[in-house]
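Data block below; observations after.
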Amino acid sequence: MCSWPRRRSPSGTRRRSRPFGGSAKTVANWVINEILRLVKDSREGIAGSRLTPAKLAALLDLLEARKVSGAGAKQILEEVHRSGAEPAEVMAAKGLEQVSDTGAVDAAVEKVLAANADQVAKYQGGKKNLLGFFMGQVMKELKGQGDPKVVTDALRARLGD
Numbered sequence: 001m002c003s004w005p006r007r008r009s010p011s012g013t014r015r016r017s018r019p020f021g022g023s024a025k026t027v028a029n030w031v032i033n034e035i036l037r038l039v040k041d042s043r044e045g046i047a048g049s050r051l052t053p054a055k056l057a058a059l060l061d062l063l064e065a066r067k068v069s070g071a072g073a074k075q076i077l078e079e080v081h082r083s084g085a086e087p088a089e090v091m092a093a094k095g096l097e098q099v100s101d102t103g104a105v106d107a108a109v110e111k112v113l114a115a116n117a118d119q120v121a122k123y124q125g126g127k128k129n130l131l132g133f134f135m136g137q138v139m140k141e142l143k144g145q146g147d148p149k150v151v152t153d154a155l156r157a158r159l160g161d
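As structure tokens, then:
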């Protein structure tokens, strides 16, 4: 059941309160693009959603803290909409938490670069578009859970960029 909070405004009319701490633009984008898509696709409509403002705020906090990717956040949103589970619990249960630990990322980068020495030589010879190849290989090594910014920074540092 949808339970968006309400409070009285100074004018005495009811209005929705905003329990979100993040960017208003981010909240608006998620409501317009993702939540409305879920509601449209479901048979029950908004009344059948188990997503509450607090759960949406928790999900957007995970996204803002870079604990989950945008694609992972969409998967979490679908599950929360369906089941009403807490976003952090869904993230943990589905293994969607991004790897931001530089030690784990550095180990994956080292493994990928060691296995692709010929590509490293080409990259260092000027073929900079190979960064995407290395990025893909490291993400594959991290099972898609690497924080793209941390992975890119580690690759550039190791490749001498």
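Last residue of the sequence shown: number 161 in UniProt numbering, and the count goes up by one each step with no gaps. We put the beta carbon where it would ideally sit given N, CA and C, even for glycine.
Cβ contact annotation for T26 (same chain, cutoff 7 Å, sequence separation greater than five): L60, in chain order.
In this structure, the CA atom of A28 is about 44 Å from the CA atom of A115.
In this chain, the alpha helix (DSSP H) harbouring A57 covers P53 to E64. Comparing alpha carbon positions, the residue from S69, M91 and G160 closest to G144 is S69.
In the structure shown, G72 adopts helical secondary structure according to DSSP, grouped into three states. Contact annotation, K111 with E141: C-beta distance approximately 6 Å; criterion of less than 8 Å satisfied. Taking 8 Å as the upper bound for CB-CB distance, V109 and L155 are in contact here, some 6 Å apart.
Shown here for I76: same chain residues with a beta carbon closer than 8 Å to its own, the five before and five after excluded, namely L59, L62, V68, P87, V90, M91, K94 and L96 in chain order. Assignment of G95 by DSSP, reduced to helix, strand and coil, places it in the coil class. Taking a contact as a CB-CB distance under 8 Å, the pair V80 and K55 counts as one, their CB atoms being some 5 Å apart. For P148, the closest C-alpha among the options A24, L113, T102 and K128 is that of T102. Under the DSSP definition of a beta bridge, G136 lacks any partner.
Residue pairing by DSSP places G146 opposite V99 in a beta bridge. For N29, the enclosing alpha helix (DSSP H) begins and ends at A24 to N29.
Your pair S83 and V150 does not check out as a contact, with CB atoms roughly 30 Å apart and the cut at 8 Å. Under the criterion of beta carbons closer than 8 Å, K74 and E44 do not qualify as touching, at roughly 20 Å.
It is roughly 8 Å from the alpha-carbon of F134 to the alpha-carbon of L113.
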